[in-house]
Amino acid sequence: KKEPTISITVVGASGDLAKKKIFPALFALFYEDWLPQHFTIFGYARSKLTDEELRNMISQTLTCRIDKRENCSDKMDQFLQRCFFHSGLYNSEDNFSELDQKLKEKEVGRVSNRLFYLSIPPNIFVDAVRCASRCASSPAGWTRVIVEKPFGRDSESSGELTRCLKQYLTEDQIFRIDHYLGKELVENLSVLRFSNLVFEPLWSRQYIRNVQLIFSEDFGTEGRGGYFDNYGIIRDIMQNHLLQILALFAMETPVSLDGEDIRNEKVKVLRSMRVLQCDDVITGQYKGHKKGDRVYPAYTDDPTVPKDSLTATFAAAALFIDNARWDGVPFLMKAGKALHTRRAEIRVQFRHVPGNLYKKNFGCDLDQATNELVIRVQPDEAIYLKVNNKVPGLGMRLDRSNLNLLYSARYPREIPDAYERLLLDAIAGERRLFIRSDELDAAWSIFTPVLKELEGKKIAPELYPYGSRGPVGAHYLAAKHNVRWGDLG
Ligand code: BG6
Numbered sequence: 099k100k101e102p103t104i105s106i107t108v109v110g111a112s113g114d115l116a117k118k119k120i121f122p123a124l125f126a127l128f129y130e131d132w133l134p135q136h137f138t139i140f141g142y143a144r145s146k147l148t149d150e151e152l153r154n155m156i157s158q159t160l161t162c163r164i165d166k167r168e169n170c171s172d173k174m175d176q177f178l179q180r181c182f183f184h185s186g187l188y189n190s191e192d193n194f195s196e197l198d199q200k201l202k203e204k205e206v207g208r209v210s211n212r213l214f215y216l217s218i219p220p221n222i223f224v225d226a227v228r229c230a231s232r233c234a235s236s237p238a239g240w241t242r243v244i245v246e247k248p249f250g251r252d253s254e255s256s257g258e259l260t261r262c263l264k265q266y267l268t269e270d271q272i273f274r275i276d277h278y279l280g281k282e283l284v285e286n287l288s289v290l291r292f293s294n295l296v297f298e299p300l301w302s303r304q305y306i307r308n309v310q311l312i313f314s315e316d317f318g319t320e321g322r323g324g325y326f327d328n329y330g331i332i333r334d335i336m337q338n339h340l341l342q343i344l345a346l347f348a349m350e351t352p353v354s355l356d357g358e359d360i361r362n363e364k365v366k367v368l369r370s371m372r373v374l375q376c377d378d379v380i381t382g383q384y385k386g387h388k389k390g391d392r393v394y395p396a397y398t399d400d401p402t403v404p405k406d407s408l409t410a411t412f413a414a415a416a417l418f419i420d421n422a423r424w425d426g427v428p429f430l431m432k433a434g435k436a437l438h439t440r441r442a443e444i445r446v447q448f449r450h451v452p453g454n455l456y457k458k459n460f461g462c463d464l465d466q467a468t469n470e471l472v473i474r475v476q477p478d479e480a481i482y483l484k485v486n487n488k489v490p491g492l493g494m495r496l497d498r499s500n501l502n503l504l505y506s507a508r509y510p511r512e513i514p515d516a517y518e519r520l521l522l523d524a525i526a527g528e529r530r531l532f533i534r535s536d537e538l539d540a541a542w543s544i545f546t547p548v549l550k551e552l553e554g555k556k557i558a559p560e561l562y563p564y565g566s567r568g569p570v571g572a573h574y575l576a577a578k579h580n581v582r583w584g585d586l587g
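The sequence shown begins at 99 in the UniProt record's numbering and counts up by one.
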């Protein structure tokens, strides 16, 4: 019996995501021999490209992990020979039927599994899914579809999208990507918690004072203003990337590592979260300024953004989980574009040591002296724990030091891109890192009312200079909950 083959169709093949992430990730998997032996890749888009033109286009962004390896260019050629192009409209059943024919020719009598990656704007998702499922799904093997956010703008539109997709696909066939779940340090969260005795017993309101989830970028919406203005930072980053990290951080121990068991626990914790209140959110938008010779643009200088836009490019929020483990512990989120640095991290601030001998004797600043665990997702992946330590010497002076696990020192190997892991899992049918529809519903329920209120009342975001640390409102919000942001020193 012949081994099955897999056909991967990237719908929206000439878009940015496909060029920058999807094709390079597929190549990396091929390069490291992770792809099945028999596979074909199709680019599908409206533009009229030949196979050769597609290959030229994607070859620009392929890179080898270890550049000096001699076989790199051979590998690239072998990979490109497996890539083909089909030009078609996203809502044309005829065009998808033509694709089906081409796929069959490549599959030469093998059982074929088919994976469609929809890298297209949300308003054409459903049409493309209809056409792909009706006209190009696998006759004998499996058919799976990967979709990227935005999954709607609020509870209603997201529910509607799910209903529409489910007319053509079963939940098992839909792979909703949140690429943060594919990041190495996010995947490591569960390993850290559940395979080390020293963390899990401390993982509750009893020992943890607050948890901070921080995302910052040092560039604005350059070139993406059109998309971004419709969504804003809460939908772009908080409702998905940061909330997913929070769910993994706070969930109970799953029954097993099976995708359903993990997602069951994530849904439970999301459903235990309090609906976010307007008082517990502050928003900001970056403004332009000049520094030396450099002129930093304002968000509203982007030609695709309306001059009077009130869209938030920064937000901070305080969230709560009303369950026995986390009652009263603030989970603070902060996400922003055009800030002073690029960073994503989780900071866990522990409670004070009760009756701390050293506080009494040596007058340490209580706030400074508590332990803090930092999981730096990117860049410079690291896990470090701030501990109080005696400065060596005859005197008795304490110092805050780091127990530091720096990935670049411990694991010099390059860390795979999130898309590699996610594509590999989708091919393997491993659903652990993909968002189930009930998770998505629960995530929207937390944020929808506040989004409606902010937008309904046209609440103006606080302006902050491009390249700064963001609006001061974030500090007031944290202070209201007795928290000091840990990323400030
Ligand atoms: C995307 C957002 O989901 O994530 C972008 O739409 C953001 O606005 C990006 O820039 C950040 O991803 P990464 O992997 O570069 O941190």
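A virtual CB, placed ideally from N, CA and C, is assigned to each residue, including glycine.
Quick caveat: nothing in here was measured; it's all calculated off a predicted structure.
Counting along the chain, the unbroken alpha helix (DSSP H) around T260 starts and ends at S253 to Y266. Approximately 12 Å separates the beta-carbon atoms of I544 and V365; this is outside 8 Å, ruling out the contact. Sequence-distant partners of P547 (beyond 5 residues in either direction) whose C-beta falls short of 6 Å from its own C-beta, in its chain, are V373. Annotation for F121: no beta strand (DSSP E) segment contains it, though the alpha helix (DSSP H) segment containing it runs F121 to Y129. Looking only at V227, L344 and F128, the smallest Cα-Cα distance to S171 is reached by F128. Taking 8 Å as the upper bound for CB-CB distance, L287 and L346 are in contact here, some 5 Å apart. Not a single heavy atom of ligand 1 lies less than 6 Å from the C-beta of D359. Under a 10 Å Cβ-count criterion, H277 is classified as buried, with 16 or more other Cβ atoms of the shown protein chains found around its own Cβ. Under the DSSP assignment, H184 falls outside any alpha helix (DSSP H), being part of the beta strand (DSSP E) whose first and last residues are C181 to S185.
L201 is positioned such that its CB atom lies no closer than 7 Å to that of N193.
Its Cα nearest to that of A226, the residue I244 stands out among I244, L492, E285 and L437.
By the neighbour-count definition (other C-beta atoms within 10 Å, threshold 16), H184 is a buried residue. In this structure P563 is in contact with K385, their Cβ atoms being roughly 6 Å apart against a cut-off of 8 Å. Apart from the 5 residues on each side of it in sequence, P248 sits with its Cβ closer than 7 Å to the Cβ of P220, Y329 and R333 in its chain, given in chain order. According to DSSP, T103 shares a beta bridge with S210.
K432 counts as buried, since at least 16 other C-beta atoms from the protein chains shown sit within 10 angstroms of its C-beta. In terms of side-chain proximity, the C-beta atom of D334 is found nearer than 6 Å to a non-hydrogen atom of ligand 1. Approximately 7 Å separates the beta-carbon atoms of D515 and A126; this is inside 8 Å, confirming the contact. DSSP, reduced to helix, strand and coil, places E320 outside both helices and strands of the structure shown, so it counts as coil. With contacts defined by Cβ atoms closer than 7 Å, R180 and K100 do not form a contacting pair. The distance from the Cβ of S535 to that of T159 is about 32 Å, inconsistent with a contact at the 8 Å cut-off. The Cβ neighbour count for G584, taken over all protein chains shown within 10 Å, is at least 16; the residue is labelled buried.
Remark: C-beta atoms of N469 and Y482 do not approach each other more closely than 7 Å.
Taking the C-beta atoms as reference points, E479 is found no nearer than 7 Å to Y517.
Distance check between M155 and each of P237, A116, G323 and P559 places A116 closest, using alpha-carbon atoms only. Between D198 and A234, the gap from beta carbon to beta carbon is short of 7 Å.
When only Cα atoms are considered, Y215 and L575 end up about 40 Å apart.
Ranking D356, F412 and Q337 by CA distance to the CA of T319 puts F412 first. By the 16-neighbour rule on beta-carbons within 10 angstroms, N211 is buried.
When the beta-carbon positions are compared, F429 and V309 come within less than 7 Å of each other. Between I533 and R274, the gap from beta carbon to beta carbon is short of 7 Å. Beta-bridge analysis with DSSP links P563 to K385. Annotation for T546: the continuous alpha helix (DSSP H) segment containing it runs S535 to G554. Nearest to I444 by alpha-carbon distance, out of V451, D420, L437 and L471, is L471.
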